[in-house]
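Each remark here refers to the structure printed beneath this line.
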Amino acid sequence: MAARIIDGKAVAAAVRERVAGEVAELGERGIVPGLATVLVGDDPASAVYVRMKREDCAQVGIESFHHAPGGDIAQEDLAALISELNADPRVHGILLQLPLPGQLDQDTLIPLIDRVKDVDGLTPANAGLLAQGRPEALVPCTPAGVMELLDHAGVELSGARVAVLGRSILVGKPVAALLLAADATVTHCHSRTRDLAAVCRESDVVVAAVGRPGTVTADMVREGAVVIDVGTNRTDAGLVGDVDYEPVAERASAITPVPGGVGPMTRAMLLVNTVRAARLQHGA
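Under our numbering, the first residue of the sequence shown carries the number 2, and numbering increases by one thereafter.
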């Protein structure tokens, strides 16, 4: 039996509708959530991503404040802009679009973002809170989206065996922390994991986030497992994930497609984080 497709577009639409309701409720209390986007330079892909995020904000009633300093901006000038946004009461979330031009050190700049405005969840402060299981942590958008998809699919995580493939600070590490907080039994895998196929075959859920096409094959997935494909890889055949989709879909009970799975959720959860940041800052 072919797997049930977990439709990220449909779930993201439901999340946006929910956020729009929250924004309206906050508006009645005189609070208008605001997101500042900072796009450094003229990378075409980054420009498209930021434009779509601003359109998402407009759709749900979040105010957006866009800043587009030139690609030759100095480190200290970008740091000063972040400081200004931290101090601006209209701005509840700050999105510093990555990657940055080569002369800028993102590892120095990201920690400058106020923790309660860190809607990407990338500051060391939020990463630490997440690692400790603290509820006030702002969580990176893609891992938050993965959890939303699992909840929508009705996956019982308590006690479930989950294999997480990938250990990046953007996805692998935070999604493993979120799964642990949901009482899953997590095996965190990476490029040095021995007998990766055996680990995956023993798992009820496989989350693939390694950035390499065809990493998860059908022989690695047990019958009836749930497969979440976070990978986004551009190939000659088009956009593909980390999972060998068609054969794996024949064995899994549910699976996310690429495109149309986790991707739409990343944008939707940015809206969730912005509203959450506004609530944190206003004690709402």
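Note that beta-carbon positions come from the ideal geometry of N, C-alpha and C, so glycine has one too.
Inter-residue spacing [alpha-carbon to alpha-carbon] between residue i and residue j
| i | j | result |
| --- | --- | --- |
| G155 | P141 | 22 Å |
| D292 | V208 | Only positions 2 to 285 of the chain appear in the structure, and residue 292 is not among them; the question remains open. |
| R30 | V206 | 41 Å |
| G239 | Q282 | 42 Å |
| S204 | A3 | 19 Å |
| L40 | E18 | 27 Å |
| A103 | A183 | It is worth fixing the name first, because residue 103 is Gly in this sequence and not Ala. Roughly 38 Å separates the two Cα atoms. |
| T194 | A69 | 42 Å |
| T236 | D89 | 42 Å |
| S65 | Y50 | 14 Å |
| R5 | G232 | 19 Å |
| R202 | E224 | 9 Å |
| R116 | G160 | 32 Å |
| T186 | L180 | 8 Å |
| D196 | V24 | 47 Å |
| T1 | V241 | The shown model of the chain, from 2 to 285, leaves out residue 1, and the question about it has no answer. |
Candidates the options, of which the one nearest residue i by Cα
| i | options | result |
| --- | --- | --- |
| L99 | T188, L36 and L110 | L110 |
| T275 | D119, Q104 and R30 | D119 |
| L113 | L130, V92 and L79 | L79 |
| G215 | P125, P248 and A253 | P248 |
| V244 | V187, G173, L180 and L166 | L166 |
| R277 | A21, A11, R5 and K10 | A21 |
| V200 | V211, T188, R193 and S192 | T188 |
| M230 | A132, T124, V263 and P45 | In the sequence as displayed, the identity of residue 230 is Asp instead of Met. Among A132, T124, V263 and P45, the Cα nearest to that of D230 belongs to V263. |
| G62 | V273, A285 and T194 | V273 |
| L96 | G71, G122, A75 and P90 | G122 |
| K174 | G160, H191, L158 and G72 | H191 |
| A132 | V217, F66 and A178 | A178 |
| S169 | P144, E56 and A185 | P144 |
| D106 | D73, G134 and R116 | D73 |
| L139 | T124, M148, V147 and G242 | T124 |
| V211 | E85, V259, N234 and R252 | N234 |
| C294 | P45, T38 and A46 | With the chain represented from 2 up to 285, any question about residue 294 goes unanswered, as that position is not in the structure. |
| R55 | R162, G284, R268 and I256 | R268 |
| G9 | M148, G28, P34 and L101 | M148 |
| L36 | I83, G42 and E26 | I83 |
| L158 | A226, R91 and D108 | A226 |
| G284 | L27, A13 and L130 | L27 |
| V92 | P34, R135, G146 and L171 | P34 |
Reduced DSSP category for residue i - H, G, I as helix; E, B as strand; rest coil
| i | result |
| --- | --- |
| L105 | coil |
| E64 | strand |
| T233 | coil |
| G337 | Since the first residue of the chain shown is 2 and the last is 285, residue 337 is not available in this structure. |
| R223 | coil |
| I6 | strand |
| H189 | strand |
| L40 | coil |
| V33 | coil |
| G22 | helix |
| G94 | strand |
| I114 | coil |
| A14 | helix |
| V217 | strand |
Enclosing alpha helix (DSSP H) for residue i [first to last residue]
| i | result |
| --- | --- |
| S47 | P45 to V61 |
| A198 | L197 to R202 |
| V165 | Looking at the DSSP string, V165 is not in any alpha helix (DSSP H); the run it does join, the beta strand (DSSP E), is R162 to L166. |
| C129 | Rather than Cys, the amino acid found at residue 129 in this sequence is Gly. Per DSSP, G129 belongs to the alpha helix (DSSP H) from P125 to A132. |
| G264 | V263 to H283 |
| L82 | Q76 to A88 |
| V249 | Y246 to A250 |
First and last residue of the uninterrupted beta strand (DSSP E) at residue i
| i | result |
| --- | --- |
| A183 | Careful: A183 lies outside any beta strand (DSSP E) and carries neither H nor E. |
| V241 | G239 to V241 |
| V206 | V206 to A209 |
Neighbour flag for residue i against chain B, beta carbons, 8 Å
| i | result |
| --- | --- |
| A279 | Chain labels in this structure do not include chain B; a single protein chain is all it has. |
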